[in-house]
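Note that the sequence shown covers residues 6 to 921 in the working numbering. Even for Gly, the Cβ is constructed at its ideal location relative to N, Cα and C. Before any comments, here is the structure.
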Amino acid sequence: MSRQVPEALFFGRVEELAQMGARLVRAAEGEPQAVLIDGPAGIGKTSLVRCFLAGLGTDHCLLQASGDELEMHLPYGVVTQLLPHQTHGVADAGASLPDPIAVGASLIDALGRFQDRAPVILVIDDVQWADTPSLHALTFVLRRLRVDRVLTVLVTRDATDPRLPNGLHRIFEEDTTARLTLSGLGVAELAELNRALGRSPLPRWALARLRDHTVGNPLHTKALLQQYPGELLSAGDNFLPAPRRYERLVAERLDGCAPCTRRLVGAVSVLGMSAPLHVAAELGAVPDPLESLAEAMTRELLAEGAVGAMPRVAFPHPLLRAAVYRGLEPGERSRLHQLAADLSDDPSITLQHRVCAAVGPDGGLADELGGFAGQQAQEGAWSAAASASMSAARLGPERSRSARRMLQAVEYLLLAGDVSQAAELEQEVRETAPGAEQHYVLGHLALTAGRLDEARRELSACWESCDAATGTETLRKAAEQLAWLCLIQGDAPNIIEWARRGLGLPPGTRSSFLRDSLAIGLAVSGEYEEAMKSLAHLPLSGPRNSPEQLDGLLARGMLQLWNGQLSEACRDLKDTFASHRRGGLPYAALVALGFLTDAEYRAGSWDDAVAHGTQAVSLAEDTDQISILAVVHAVTAFPLAGRGDFRTAEAHARAAAVHARMLGDINDTAFAATALAMVHTAQGDYENVVSGLNPFLGQEIVHRNGIEEVGLLPWRPLLVEALVRTGRAAEARDVLIPYERRATERRRWLDQAAAARCRGLVEEALGNVEAAERAFHDGLAHCERGEPCFEKALLLLAHGTFLRRAHRRTDAAAALEPASRTFHRLQATPYLERCNRELAACGRAAAARPEDVSHPVLTSQELTVCRLAVQGMTNRQIARELFLSVKTIEYHLGNAYAKLGIASRMGLIDKLGRDG
Numbered sequence: 006m007s008r009q010v011p012e013a014l015f016f017g018r019v020e021e022l023a024q025m026g027a028r029l030v031r032a033a034e035g036e037p038q039a040v041l042i043d044g045p046a047g048i049g050k051t052s053l054v055r056c057f058l059a060g061l062g063t064d065h066c067l068l069q070a071s072g073d074e075l076e077m078h079l080p081y082g083v084v085t086q087l088l089p090h091q092t093h094g095v096a097d098a099g100a101s102l103p104d105p106i107a108v109g110a111s112l113i114d115a116l117g118r119f120q121d122r123a124p125v126i127l128v129i130d131d132v133q134w135a136d137t138p139s140l141h142a143l144t145f146v147l148r149r150l151r152v153d154r155v156l157t158v159l160v161t162r163d164a165t166d167p168r169l170p171n172g173l174h175r176i177f178e179e180d181t182t183a184r185l186t187l188s189g190l191g192v193a194e195l196a197e198l199n200r201a202l203g204r205s206p207l208p209r210w211a212l213a214r215l216r217d218h219t220v221g222n223p224l225h226t227k228a229l230l231q232q233y234p235g236e237l238l239s240a241g242d243n244f245l246p247a248p249r250r251y252e253r254l255v256a257e258r259l260d261g262c263a264p265c266t267r268r269l270v271g272a273v274s275v276l277g278m279s280a281p282l283h284v285a286a287e288l289g290a291v292p293d294p295l296e297s298l299a300e301a302m303t304r305e306l307l308a309e310g311a312v313g314a315m316p317r318v319a320f321p322h323p324l325l326r327a328a329v330y331r332g333l334e335p336g337e338r339s340r341l342h343q344l345a346a347d348l349s350d351d352p353s354i355t356l357q358h359r360v361c362a363a364v365g366p367d368g369g370l371a372d373e374l375g376g377f378a379g380q381q382a383q384e385g386a387w388s389a390a391a392s393a394s395m396s397a398a399r400l401g402p403e404r405s406r407s408a409r410r411m412l413q414a415v416e417y418l419l420l421a422g423d424v425s426q427a428a429e430l431e432q433e434v435r436e437t438a439p440g441a442e443q444h445y446v447l448g449h450l451a452l453t454a455g456r457l458d459e460a461r462r463e464l465s466a467c468w469e470s471c472d473a474a475t476g477t478e479t480l481r482k483a484a485e486q487l488a489w490l491c492l493i494q495g496d497a498p499n500i501i502e503w504a505r506r507g508l509g510l511p512p513g514t515r516s517s518f519l520r521d522s523l524a525i526g527l528a529v530s531g532e533y534e535e536a537m538k539s540l541a542h543l544p545l546s547g548p549r550n551s552p553e554q555l556d557g558l559l560a561r562g563m564l565q566l567w568n569g570q571l572s573e574a575c576r577d578l579k580d581t582f583a584s585h586r587r588g589g590l591p592y593a594a595l596v597a598l599g600f601l602t603d604a605e606y607r608a609g610s611w612d613d614a615v616a617h618g619t620q621a622v623s624l625a626e627d628t629d630q631i632s633i634l635a636v637v638h639a640v641t642a643f644p645l646a647g648r649g650d651f652r653t654a655e656a657h658a659r660a661a662a663v664h665a666r667m668l669g670d671i672n673d674t675a676f677a678a679t680a681l682a683m684v685h686t687a688q689g690d691y692e693n694v695v696s697g698l699n700p701f702l703g704q705e706i707v708h709r710n711g712i713e714e715v716g717l718l719p720w721r722p723l724l725v726e727a728l729v730r731t732g733r734a735a736e737a738r739d740v741l742i743p744y745e746r747r748a749t750e751r752r753r754w755l756d757q758a759a760a761a762r763c764r765g766l767v768e769e770a771l772g773n774v775e776a777a778e779r780a781f782h783d784g785l786a787h788c789e790r791g792e793p794c795f796e797k798a799l800l801l802l803a804h805g806t807f808l809r810r811a812h813r814r815t816d817a818a819a820a821l822e823p824a825s826r827t828f829h830r831l832q833a834t835p836y837l838e839r840c841n842r843e844l845a846a847c848g849r850a851a852a853a854r855p856e857d858v859s860h861p862v863l864t865s866q867e868l869t870v871c872r873l874a875v876q877g878m879t880n881r882q883i884a885r886e887l888f889l890s891v892k893t894i895e896y897h898l899g900n901a902y903a904k905l906g907i908a909s910r911m912g913l914i915d916k917l918g919r920d921g
């Protein structure tokens with residue numbers, strides 16, 4: 006009989022271990038790193054991680070978790086393994102499931118505490134089986150580690166798995182991630198393995214042939230070495246035998262165990278990759294579980310879990326657990342699952358065991374699963390709802406009800422962000438009987454994939470094919486999707502039509518976008534007062550605990566933005582972001598953050614705009630909210646362009662254009678083009694402004710409401726100025742007239758001010774000096790009846806330039822000096838430089854460039870952190886506000902203190918109070 010070799014025995018991988026060690030050194034120095042280990046089952050991924058951890062000693066903090074096929078739809082199952090003593094709100098009875106951002110923020114907070122004591126190693130094994138909410142939360146966390154002493158190790162079979170979030174795939178490609186794709190063992194490692202097994206030495210050529218035969222797979226190679234004598238393996242004239250099936254090897258090990266041990270191992274396989282020892286013992290009727298565990302460990306069947314208050318047992322490898330589970334007799338397997346269901350106090354796990362125990366259609370169980378799916382959906386646990394609904398579909402005896410449940414499962418998958426899994430079921434959806442629900446799901450799938458024409462056909466067919474049996478919830482959701490589709494395409498009349506159809510149905514129990522769609526549709530059609538009336542149900546402030554208190558709040562903030570009510574817009578958009586994150590629509594929360602960025606840009610709060618825009622882009626990418634990335638990228642470019650950070654601003658603008666093309670959305674295309682035009686305007690590249698914006702004058706654009714309604718996008722003022730600067734004043738006048746007229750009709754002071762500035766530029770270029778001066782004065786008067794804004798500084802610059810050219814240098818300086826102060830405060834370097842040139846021409850001293858002031862300019866992130874610190878917030882509170890770790894906050898404050906030449910918060914208060 007061959008010698009027993011521990012499962013953890015490890016050979017080779019010297020280079021991989023060295024790379025992991027180097028990444029840990031960098032992480033320990035405050036440079037967060039990640040290691041991605043991928044390769045097929047049995048190749049040694051988990052063994053590599055174990056060997057790496059075994060050689061580290063105790064001077065680190067280890068957080069470990071593993072995905073499990075049985076728990077793929079258990080919300081935050083992986084995160085809960087990492088922090089078992091924190092519930093993250095998941096277990097609160099009747100509470101909505103927290104969003105990944107909130108859970109991720111909690112994990113960032115915990116990592117900050119742990120790394121104060123020692124570097125943190127975060128290990129996630131079998132990532133391919135991790136639950137979707139945990140994947141999104143982890144992606145959120147990993148993208149926010151800046152100076153943290155954290156090494157993240159991710160282990161998966163396929164790094165290209167489409168089920169993994171896009172944000173995680175981007176992390177895989179970053180320089181801070183080392184990707185280790187494992188292949189088979191080499192000849193030298195096989196020789197070591199052979200010696201460790203106590204076998205006779207094999208010649209090198211035989212080991213090379215063995216490696217070619219098994220592709221170096223450690224499990225398969227070990228099996229051959231244990232099963233066959235060396236003479237057979239080194240006989241050159243023989244074919245190498247195939248190893249007996251791995252399941253048979255495991256069965257032989259089990260056969261050599263006592264009955265109680267076999268029952269313990271079988272019970273654990275039913276419970277999952279690991280289980281509390283006492284639960285497995287009760288399930289397997291094992292009187293002395295410690296004795297049975299000892300034998301199972303000797304036979305390499307089980308391993309002892311992490312030592313703690315409650316002993317656990319685990320399989321050393323997923324293939325081992327699968328072999329044991331498949332080796333159970335079908336009747337015994339079903340019986341154990343039924344007993345496991347009775348032992349579990351988790352409704353989700355109980356139902357999963359009952360599903361596994363079922364031997365055929367079971368209408369009662371299918372109904373229970375359907376009810377559970379509905380409950381999970383009410384709490385926002387979309388992945389769990391999808392799993393239960395799909396199981397109900399498989400078990401239901403009635404074909405029509407099963408089809409409806411399958412359709413519902415696909416809808417839940419889309420809401421969970423599991424787009425790839427939903428798409429895999431598309432053919433199955435098409436094979437169901439045609440009807441309103443089928444059309445709705447196909448339409449939702451098409452809209453998610455950007456197939457807009459197909460989405461319109463299917464969603465319209467949902468309404469056309471409805472009958473008495475069609476649920477109002479299906480019709481309401483179809484109307485909501487159609488309203489959103491029309492919003493994407495800028496089709497204002499049909500936005501209003503579909504929103505009103507949806508709102509005409511009995512109200513649902515969850516938040517929807519229907520009230521927002523109606524108000525936005527009315528507003529872009531010029532019916533601003535009617536739009537605001539549709540939102541009269543909303544309280545000014547207070548709790549937003551029901552759809553009645555929340556639905557439409559996003560639209561109110563957007564309408565106020567477009568109307569120039571900038572402070573009210575900021576208030577409502579901040580409220581929308583916070584409220585929808587707590588239990589509304591995650592998509593609406595990020596749209597609010599994007600338009601808040603725009604509001605702050607217009608109001609001249611550029612530090613906040615940069616911070617919120619960057620946050621909006623990051624959150625949208627982390628949660629795979631692809632359809633809003635064009636807008637949030639575009640608005641983030643606005644203040645960055647104004648500050649002269651052209652490289653970053655242009656990257657955002659071009660990313661916006663890419664996402665706009667993916668959707669074929671004219672409004673998103675206009676946002677992207679406007680962002681790029683702002684970059685070119687700040688650079689003085691007016692020819693590119695004209696070439697980028699001229700296409701929006703084309704009459705081939707069918708739905709123009711969204712791009713022509715004043716207050717939404719400033720593309721016409723940008724184009725007018727560019728045409729004037731390139732000597733085409735007459736063209737500029739023609740472009741200006743429709744914008745000027747609409748701004749006057751809507752009485753929107755901010756757009757009237759911008760139109761007046763453009764009118765002054767046009768009239769000056771045409772030689773109409775008196776008309777030009779009158780226009781500039783009109784623009785400043787409009788600003789006086791509004792709020793503080795960036796537009797006023799642009800007006801003052803244009804007016805001052807005009808006055809200087811008219812040789813009225815004293816009057817010019819009176820206009821240019823307040824403009825200079827505003828540009829200096831905003832760090833609007835391109836505009837400050839223009840203003841300084843004009844002041845110099847007037848014989849006045851120019852204001853210093855931002856980098857020439859008495860202290861170096863803080864980065865936007867440093868300034869945001871400092872401003873929150875000045876408000877009295879602690880480092881931990883600032884970290885939670887900005888979704889960063891405490892370590893990162895400390896880093897930014899340290900940099901700021903050094904730049905400002907101070908050593909305390911009192912100095913910070915004094916410095917920002919005087920200079921900021």
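Limits of the alpha helix (DSSP H) - the one that residue i falls within
{"i": "D496", "result": "From DSSP, D496 is part of no alpha helix (DSSP H); its letter is neither H nor E."}
{"i": "D43", "result": "Per DSSP, D43 belongs to no alpha helix (DSSP H); it is in the beta strand (DSSP E), Q38 to D43."}
{"i": "T144", "result": "T137 to L147"}
{"i": "P281", "result": "Taken as a continuous stretch (DSSP letters only), P281 belongs to no alpha helix (DSSP H), being part of the beta strand (DSSP E) at S279 to P281."}
Cut-off 6 Å between Cβ atoms - residues of its own chain near residue i, not counting five sequence neighbours on either side
{"i": "G221", "result": "G189 and L190"}
{"i": "L808", "result": "D816 and A817"}
Chain-order list of residues whose beta-carbon lies under 7 Å from that of residue i (same chain, five-residue window excluded)
{"i": "T602", "result": "A614, H617, G618, A621, V640 and T641"}
{"i": "A33", "result": "P124 and R154"}
{"i": "N900", "result": "E867"}
{"i": "L207", "result": "N199, G235, L238 and S239"}
{"i": "P793", "result": "A608 and G609"}
{"i": "L452", "result": "A460, Q486 and L490"}
{"i": "I894", "result": "V870, N880, I883 and A884"}
{"i": "R209", "result": "V192"}
Nearest-angstrom Cα separation, counted from residue j out to residue i
{"i": "K579", "j": "S71", "result": "37 Å"}
{"i": "L457", "j": "A660", "result": "21 Å"}
{"i": "S965", "j": "H283", "result": "Missing from the structure shown is residue 965; the chain here goes from 6 to 921 and no further."}
{"i": "W387", "j": "Q24", "result": "38 Å"}
{"i": "T731", "j": "S470", "result": "56 Å"}
{"i": "S696", "j": "A680", "result": "14 Å"}
{"i": "A737", "j": "G557", "result": "37 Å"}
{"i": "R814", "j": "C847", "result": "5 Å"}
{"i": "H545", "j": "H585", "result": "The question names His, but residue 545 in the sequence shown is Leu. Roughly 16 Å separates the two Cα atoms."}
{"i": "G94", "j": "F643", "result": "Since pLDDT at G94 reaches only 49, below the 50 mark, its modelled position is unreliable, and the value read off the structure follows with that caveat. Spanning the two alpha carbons is a distance of roughly 37 Å."}
Delimiting residues of the beta strand (DSSP E) encompassing residue i
{"i": "I129", "result": "V125 to D130"}
{"i": "C66", "result": "C66 to S71"}
{"i": "A833", "result": "Where A833 is concerned, there is no enclosing beta strand (DSSP E), given that its DSSP letter is neither H nor E."}
{"i": "T266", "result": "From DSSP, T266 is part of no beta strand (DSSP E) but of the alpha helix (DSSP H) over P264 to L276."}
{"i": "A183", "result": "T182 to T186"}
Where residue i sits in the DSSP three-state scheme
{"i": "E403", "result": "coil"}
{"i": "E768", "result": "helix"}
{"i": "L88", "result": "coil"}
{"i": "G921", "result": "Its pLDDT being 46, under 50, G921 is placed unreliably by the model, and nothing is read from it."}
{"i": "A818", "result": "helix"}
{"i": "A319", "result": "strand"}
Exercise. Mind listing, in chain order, the continuous alpha helix (DSSP H) runs of no fewer than 4 residues lying wholly within the stretch 326 to 398?
Key: Those alpha helix (DSSP H) runs which fall completely within the stretch 326 to 398 and span 4+ residues are 335 to 348, 352 to 362 and 368 to 383.
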